[in-house]
Amino acid sequence: MSKRIVIMGECMVELYQLVDNVYHQNFAGDVFNTAVYLKRTCENPVDVQFFTAVGTDLISDKLVRAVEREKIDTSLMLRTKTARPGLYMINTDAFGERSFVYWRDSSAAKQVMQCFNAQLSYNAVKGCDMFYFSGITLAILSDADRTQLFELVKQLKADGSQIIFDPNYRPALWPNADAAKAAFIQAYSLADVALPGLDDHKVLFGAQTTNDVVEQLAQLGVNEIIVKDGKNGINGRFEQNSFTAQAHPVKKVVDTTAAGDSFNGGYLAARLGGIAPQYAVKFAARLAGFVVEHTGAIVSKEHFNGFWAKNRPSVFTK
1 MSKRIVIMGE
11 CMVELYQLVD
21 NVYHQNFAGD
31 VFNTAVYLKR
41 TCENPVDVQF
51 FTAVGTDLIS
61 DKLVRAVERE
71 KIDTSLMLRT
81 KTARPGLYMI
91 NTDAFGERSF
101 VYWRDSSAAK
111 QVMQCFNAQL
121 SYNAVKGCDM
131 FYFSGITLAI
141 LSDADRTQLF
151 ELVKQLKADG
161 SQIIFDPNYR
171 PALWPNADAA
181 KAAFIQAYSL
191 ADVALPGLDD
201 HKVLFGAQTT
211 NDVVEQLAQL
221 GVNEIIVKDG
231 KNGINGRFEQ
241 NSFTAQAHPV
251 KKVVDTTAAG
261 DSFNGGYLAA
271 RLGGIAPQYA
281 VKFAARLAGF
291 VVEHTGAIVS
301 KEHFNGFWAK
311 NRPSVFTK
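Structure follows, in structure tokens:
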């Protein structure tokens, strides 16, 4: 029987430069990137639903069609007449490290909880096997909408859904660090699986090592913890059993956009296939290594198919 995964957050218009003054337009966003790579790499039947709000304009229509082309369910992509998708531009340096310029103040995704109240009921998400959200999902919501989201997550958890959280801290989206810390702690207290990066915890919680993060989240009750530390690898704990894994070597980093997002998608795909965490991280690291060798968040299907022909989650169990 197919598993149902609800992934909630924002998808934006993405622009990245091909040559001087020539830009390629795509659609991307942290949770959407994860949804795409989860769907593409899951060897078992999986129904991925993207939960967001978009406008009623032509670019929103184009966004919905892009989601559909990835075979992701769009029934939770809600419409608002008063906003449209946000936009961001990627700038990369000579080492592939990226920086972003955003136009997202009036992003339709900020209205997702209001649209949910007006157009759907709890039954639309009830019964999902996994519910995935991020720190960016939390950051773009108003205080009232964020509170309502936490109530929704509590109800889903009580009804048996597995809760997945990736902090993905973006300082510009929060009024101050304390607000982000409080929201992240609340999210972690509800999460069954946490997928943080060390850098976020260094900034917000003063962590020095990946083990510091593991210990903090274990104390908050998270059962499955995967801490990413770039080229230094991964530190994990599952059911009180700890393990580490190396990052996959990359020949040339072109663009680190979606490195963590693709890792998360690959990891969850492997876990949905019944692969143990210590092996799932190996596939996830390989996928992330492949993604950063390409420009933009979503690798074209043509290039991805070459990767997929040689790399499946089940291969990494040895």
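Numbering (full-length UniProt numbering), first residue to last: 1 to 318. Even for Gly, the Cβ is constructed at its ideal location relative to N, Cα and C. Since the structure is predicted, the reported quantities are computational estimates derived from the model, not experimental observations.
The alpha carbon of residue 65 has as its nearest neighbour, out of 20, 27, 48 and 201, the alpha carbon of 27. Residue 267 is a Cβ neighbour of residue 281, given a cutoff of 9 Å.
Note on residue 12: 16 or more other CB atoms within 10 angstroms of its CB, so buried under the neighbour-count rule.
Non-local C-beta neighbours of residue 214 in its own chain, meaning closer than 8 Å and more than five positions away in sequence, comprise 225, 227, 235, 236, 237 and 242, ordered along the chain. DSSP places residue 28 outside any alpha helix (DSSP H); the residue lies instead in the beta strand (DSSP E), whose first and last residues are 22 to 28. Boundaries of the beta strand (DSSP E) around residue 228: 224 to 228. Burial check for residue 131: the Cβ neighbour count within 10 Å reaches 16 or more, so the residue is buried. Contact between residue 115 and residue 53 holds: their C-beta atoms lie close to 5 Å from each other, under 8 Å.
The beta-carbon distance between residue 247 and residue 285, rounded to whole angstroms, is 6 Å. This is short enough to meet the 8 Å contact definition. Look at residue 18 here: in three-state DSSP terms it is strand. The beta carbons of residue 136 and residue 30 sit about 5 Å from each other, so the pair counts as a contact at 8 Å. Within the segment 90 to 146, the runs of alpha helix (DSSP H) at least 4 residues long that lie entirely inside it are, in chain order, 112 to 119 and 135 to 139. Residue 1 is positioned such that its CB atom lies no closer than 9 Å to that of residue 133.
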